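**Student:** Counting from 2, one number per residue, gives the positions in the sequence shown under my numbering.
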Amino acid sequence: MFQELTKLKVAVVGYGVTGKACSEFLKQRNACVSVFDSRSQSIESNDVRMCHFDEYTDFSDFEFVVVSPGINPLLNSLADYQANGGLLISEIELFAWFNDIPTIGITGSNGKSTVTEMLGHVLNSSGYKAAVGGNLGQSAITFIDGAFDFIILELSSFQLQLTQSLNLRLAVLLNISADHLDRHGDMDSYLACKQRIFSHAQTAICIDNIEESFPLKSTSEIENFIIATQSKSTTQSKSTETPSLFIDEQENTIEYKGRTLLKLERLKVMGQHNHLNSLVCCAMALKLGLQEDAIAKGLYSFNGLAHRTQLVKQGDITWINDSKATNLGATIAALKGIDERTTALVLIVGGDAKGADIQGLSEYIGSKIKGMVGMGKDAHLFESLLPNSLSLNGLTCDYSYVNDMQAAVEQSVKMCERLSQRFPDLNLVVMLSPACASIDMFANYRARGDAFIAAALAQEA
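(1) Among Leu95, Asn100, Asn111 and Asp59, which one has its Cα closest to the Cα of Gln83?
(2) Looking only at its own chain, which residues have a Cβ that is under 8 Å from the Cβ of Asn253, when we skip the five neighbours before and after it?
(3) Enumerated in chain order, which unbroken segments of the alpha helix (DSSP H) with a length of 4 residues or greater are wholly contained in the segment 104-130?
(4) Where do the N-terminal and C-terminal ends of the alpha helix (DSSP H) with Asp55 fall, by residue?
(5) Cα-Cα, which of Gly351, Ala408 and Asn100 is closest to Thr327?
(6) Just to confirm, are Ser127 and Ala284 a CB contact at a threshold of 7 Å?
(7) Would you tell me roughly how many angstroms separate the C-alpha atoms of Ala297 and Leu262, rounded to the nearest one?
(8) Kindly list the residues whose CB is nearer than 6 Å to the CB of Val431, restricted to its own chain and excluding five residues on each side of it in sequence; keep chain order.
(9) Based on the DSSP output, what are the partners of Ala325 in its beta bridges?
(10) Check whether the segment 443-455 touches the segment 354-373, counting contact only when three or more Cβ pairs, one atom from each stretch, lie closer than 8 Å.
(11) Just to confirm my understanding: we take Asn278, look at its own chain, exclude 5 residues before and 5 after, and list those with CB closer than 7 Å. What are they?
(12) Just verifying my parser: in three-state terms, what is the DSSP assignment at Met373?
(13) If Phe149 and Ile102 are in contact, beta carbons under 8 Å, what's the gap, nearest whole angstrom?
(14) Buried or exposed for Thr343, going by 16 or more other Cβ atoms inside 10 Å?
(15) Sort Asp48, Asp323 and Leu154 by Cα distance to Thr104 and report the nearest one.
(16) Closest to Ala459 by C-alpha separation, out of Met442, Leu88 and Gln407, would be which residue?
(17) Any chance you could list the alpha helix (DSSP H) runs of at least 4 consecutive residues sitting entirely within the segment 380-460, in chain order?
(18) Can you give the beta carbon distance from Ser178 to Ser110, rounded, assuming they're within the 8 Å contact cut?
(19) Ignore the nearest five residues each way along the sequence and tell me which others in Gln160's own chain have a CB closer than 8 Å to its CB.
(20) Exposed or buried, what is Ala438 when buried is set at 16 or more other beta-carbons lying within 10 Å of its beta-carbon?
(21) Could you tell me the alpha carbon to alpha carbon distance between Glu256 and Val270, rounded to whole angstroms?
(22) What does a CB cutoff of less than 8 Å around Cys33 pick up in its chain, not counting 5 residues either side in sequence?
(23) According to DSSP, is Gln160 part of a helix, a strand, or is it coil?
(24) Based on the DSSP output, what are the partners of Lys314 in its beta bridges?
(25) Assign Pro425 to one of two classes, buried (16 or more other C-beta atoms within 10 Å of its C-beta) or exposed (fewer than that).
(26) What number of angstroms, rounded off, separates the C-alpha of Phe151 from the C-alpha of Thr143?
(27) As a quick exercise: from Ile72, Lys325 and Lys415, pick the residue whose alpha carbon is nearest that of Phe443.
(28) Which residues in the same chain as Leu291 place their Cβ atom closer than 6 Å to its Cβ, once the five residues preceding and following it in sequence are excluded?
(29) In angstroms, rounded to a whole number, what distance separates the CA positions of Ile145 and Leu27?
(30) Under DSSP, the alpha helix (DSSP H) around Phe1 begins and ends at which residues?
(31) Assuming Tyr191 contacts Ser140 under a Cβ cut-off of 8 Å, what Cβ separation, rounded to an integer in Å, is found between them?
(32) Along the chain, where does the alpha helix (DSSP H) containing Ser279 start, and where does it finish?
(33) By the DSSP assignment, the beta strand (DSSP E) with Ile255 in it spans what residues?
(34) Report the three-state DSSP secondary structure of Val13 (helix, strand or coil).
(35) For chain C, check one thing: does any of its Cβ atoms lie closer than 7 Å to the Cβ of Leu280?
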């Protein structure tokens, strides 16, 4: 850990949003900064020393190297530097060296963006000044020396991979499902990165019965360890002050100390997964000392995130944009909010599956999913599920492959026309929830979602 950076030779690898923020921060503290990027020749910058980055880059002259989250630290040049005693860190580790503002960290395979924004909204609407960023929005390093009461960070496995000393008031792990295995290799390595969030946390909060499937070894020395689940008694802790907080499924409420804290039907965000998100937000807000009425007021006014089960429009067909579902777990969470007794769903899927197994979708095909449109490089994986789904539940599912989003929306309309004949009493819904990354066809999930919204709004249905 370095507290004084003046004249230190520091390398920053990657000149995207994170790399630019880190290089600016380091320059402000008078470090000698060199930025390495594989696109160095196409980047024009008079502010930093640009250098070419590849697997043969020599970092031996630098005191430490800040690696952007999109760069794999196992690449030869970085791995060799670390093997020879060099220090590789993330932007979040650099943030940890200089931050003294109470910070909450939130990670998980799915839901972390929503919960991060949700807590930020509750705190800010309660009169606090909370900064929200990390893996979404603003880089954490830009919050250093800011006039904030709290900093709330969404943290990805990529960011945590090179983070060692992050002190957190609250550390939250929402859930774990297979994701980014093309980078981490296996689930054990992926989980190990996620568990780094607990390394220096005062209080740990977990949700979604995660302890049952993935024992959390790194929480053993944390004084307050809360496990929140969707059962009649949802908190366990080494601390006797932990509140009794749970979802009452019969009353459709969140209960706290025998009182109703939240009426779930008043939430503006859709789906059972958002009930769990609200539960963990309540746990965090209570632990931070907020009053119950302020928590409820904040959650009732939270509008949710764009591209996450976002209602686009309603007519003969209801259109839902869930482009942020970049893995199977996120798509299944959205599907759990669909009632097959009242809904005929066409699901738009596909993109880059990142090496993940998508077999778990089979049980929903034909039951919740009445039609499916595939696109992108791994669309064939979804088509291959159809025979297995037929043998599982005996239900058929319409399927079509297309080359772009406009065609996906147009094909979805045609499927809805056919479904209206088969299921005249059901509501027609088209949902983009790809269970894949967007990088094969779009700049990011936001661009994918925007393309879906534009195409959907252009439809008469």
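Cβ atoms here follow ideal geometry from the backbone N, Cα and C, with glycine treated the same way.
Since this is a predicted model, take the numbers as computed values, not measurements.
**Tutor:** Once the coordinates are examined:
(1) Out of Leu95, Asn100, Asn111 and Asp59, Asp59 has the C-alpha closest to the C-alpha of Gln83.
(2) Lys264, Leu265 and Glu266
(3) 113-126
(4) Unbroken run through Asp55: none, as it is neither H nor E.
(5) Gly351
(6) Not a contact, by the Cβ cut-off of 7 Å.
(7) 7 Å
(8) Ile318, Trp320, Val347 and Ser413
(9) Residue identity differs from the one stated: residue 325 is Lys in this sequence, not Ala. In DSSP, Lys325 forms no bridge with anything.
(10) Touching, no, given that fewer than three Cβ pairs across the two stretches are closer than 8 Å.
(11) For Asn278, where only same-chain residues beyond five positions count, the Cβ hits under 7 Å are Gly112, Thr115, Val116 and Met119.
(12) Met373: strand per DSSP, three-state reduction.
(13) 5 Å
(14) By the 10 Å Cβ count, Thr343 comes out exposed.
(15) The shortest C-alpha separation from Thr104 is found at Leu154.
(16) Gln407
(17) 380-384, 386-394, 406-423 and 446-458
(18) Between Ser178 and Ser110 a beta carbon distance of about 4 Å is seen, short of the 8 Å cut, so the two are scored as contacting.
(19) Excluding residues up to 5 positions away in sequence, Pro70, Ser91, Glu92, Ile93, Gly135 and Asn136 lie with their Cβ nearer than 8 Å to the Cβ of Gln160 in the same chain.
(20) By the 10 Å Cβ count, Ala438 comes out buried.
(21) 19 Å
(22) Here the set comprises Lys8, Leu9, Lys10 and Val11.
(23) The answer is helix: DSSP assigns Gln160 an H, G or I state.
(24) Trp320
(25) exposed
(26) 14 Å
(27) Lys325
(28) Ser127
(29) 12 Å
(30) Here the chain covers residues 2 to 462 and nothing more, so residue 1 does not appear.
(31) Not really, about 23 Å apart at Cβ, beyond 8 Å.
(32) Where Ser279 is concerned, the enclosing alpha helix (DSSP H) stretches over Gln273 to Lys288.
(33) Start and end: Thr254 to Tyr257.
(34) DSSP places Val13 in strand when its eight states are reduced to three.
(35) The structure shown contains no chain C; it is built from a single protein chain.
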